[in-house]
Amino acid sequence: MATLLRRLSLLLLPLLLGSCGRLLFVPMKPLLRTPAELGLQYRDVTLQAADGTRLAAWWLPAQGEPQGTVLFLHGNAENISTHIASVWWLPAAGYQVLLLDYRGFGDSQGSPRLPAVFGDIRAALDWLATDPESRGRPLYLLGQSLGASLGGYLAGSDPAVRARFAGVVLDAGFARYGWIAREVASRSWLTWPLQWPIAWSMPDGYDLLDQVGHISPVPLLLIHGRSDPIVGFHHAESLRAAARPPSALLAYDGGHIDSFRQPLVRAALLRFLAEPSRVEDIAR
2 MATLLRRLSL
12 LLLPLLLGSC
22 GRLLFVPMKP
32 LLRTPAELGL
42 QYRDVTLQAA
52 DGTRLAAWWL
62 PAQGEPQGTV
72 LFLHGNAENI
82 STHIASVWWL
92 PAAGYQVLLL
102 DYRGFGDSQG
112 SPRLPAVFGD
122 IRAALDWLAT
132 DPESRGRPLY
142 LLGQSLGASL
152 GGYLAGSDPA
162 VRARFAGVVL
172 DAGFARYGWI
182 AREVASRSWL
192 TWPLQWPIAW
202 SMPDGYDLLD
212 QVGHISPVPL
222 LLIHGRSDPI
232 VGFHHAESLR
242 AAARPPSALL
252 AYDGGHIDSF
262 RQPLVRAALL
272 RFLAEPSRVE
282 DIAR
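Right under this line is the structure:
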């Protein structure tokens, strides 16, 4: 058996190392539903990244007078037509939402890769800066899983981006790409021998853990399920230890991005959006 594992490792290693960047992104092109099928008003938005890539997004207007705007960054798989399940309820609570599909996802052009996807997030911010419905209202970042790691890294590393936000919410973000790659590889007997090579080949220099402390003084709310089987809870603990005030960790009993299925977590998010400076009290 050991000999077989070694042989499989040698066969798979070049393939895996050659595509590790792509392993971060598992885009889905077809849109499975629209917001209208959920009873929501919406409009299609077309953005353009600095390199010319056309990007697709959905704009969900608030019901009634908007209290603020949420830029939503989804995880590494599927597209906005599935991830809308996390934010469909926000318009009824008074928040307008821009859901972005990174390049290669849904109707967006191109192929997803780092660091190009940071340009996609910047394109969304540029659009929001000129949108009359958003100007003059507080803007919040809500990222989940890979979206949390991408958005949090960008907010921490770029002062101009950070200054745009009244608050940052990172749900189930992973601390380091190498950590999550090694942990995922270790879960299968086929890839277990490759966990360290895969981890070493992950994109370097874009880890959320290195920048989460620089999100301050913008209020930061970390959210994570204690039983998350994809991004272990220790990622949240590491991020919480590195974050600076005002910041807090909201831990709940649940799995990976199960957060907004739970009324208590939804209520906590709304309290944060209303008073982000009280983040420590909100997470208790």
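Sequential numbering from 2 applies to the sequence shown in the numbering used here.
Yeah, the Cβ is synthetic: ideal placement off N, Cα and C, and Gly gets one too.
Kindly indicate the opening and closing residues of the alpha helix (DSSP H) around residue i.
{"i": "F273", "result": "264-275"}
{"i": "R279", "result": "Looking at the DSSP string, R279 is not in any alpha helix (DSSP H), and its letter there is neither H nor E."}
{"i": "I81", "result": "81-84"}
{"i": "T131", "result": "117-131"}
{"i": "F261", "result": "Unbroken run through F261: none, as it is neither H nor E."}
{"i": "E238", "result": "234-243"}
Is it buried or exposed, residue i, if we count other Cβ atoms within 10 angstroms and call 16 or more buried?
{"i": "H75", "result": "buried"}
{"i": "G179", "result": "buried"}
{"i": "S278", "result": "exposed"}
{"i": "R34", "result": "exposed"}
{"i": "Q42", "result": "exposed"}
{"i": "R44", "result": "exposed"}
{"i": "L265", "result": "exposed"}
{"i": "R245", "result": "exposed"}
{"i": "W197", "result": "In this predicted model, W197 has a pLDDT of only 48, less than 50, meaning its place in the structure is not dependable; the value taken from the coordinates is given anyway. Burial call: exposed."}
{"i": "R285", "result": "exposed"}
{"i": "A86", "result": "exposed"}
{"i": "A93", "result": "exposed"}
Can you look up residue i in the DSSP assignment and give me helix, strand or coil?
{"i": "I224", "result": "strand"}
{"i": "E184", "result": "helix"}
{"i": "S112", "result": "coil"}
{"i": "V27", "result": "strand"}
Could you tell me which residues DSSP puts in a beta bridge with residue i?
{"i": "W60", "result": "R44, L99"}
{"i": "Y253", "result": "G226"}
{"i": "F73", "result": "L100, L143"}
{"i": "V170", "result": "L143, L222"}
{"i": "R55", "result": "Q49"}
Enumerate in chain order the residues of its own chain whose CB-to-CB distance from residue i is below 7 angstroms, with the five nearest sequence positions on each side excluded.
{"i": "F234", "result": "H225, R227"}
{"i": "T83", "result": "L33"}
Given residue i, which residues of its chain have a CB within under 6 angstroms of its CB, disregarding the five upstream and five downstream residues?
{"i": "R123", "result": "none"}
{"i": "L39", "result": "W89"}
{"i": "L171", "result": "G144, A149, G153, L223"}
For residue i, is the beta carbon positioned less than 8 angstroms from some heavy atom of the ligand SAM?
{"i": "A57", "result": "Absence of the ligand SAM from the depicted structure is noted, as is the absence of any ligand whatsoever, leaving it without description."}
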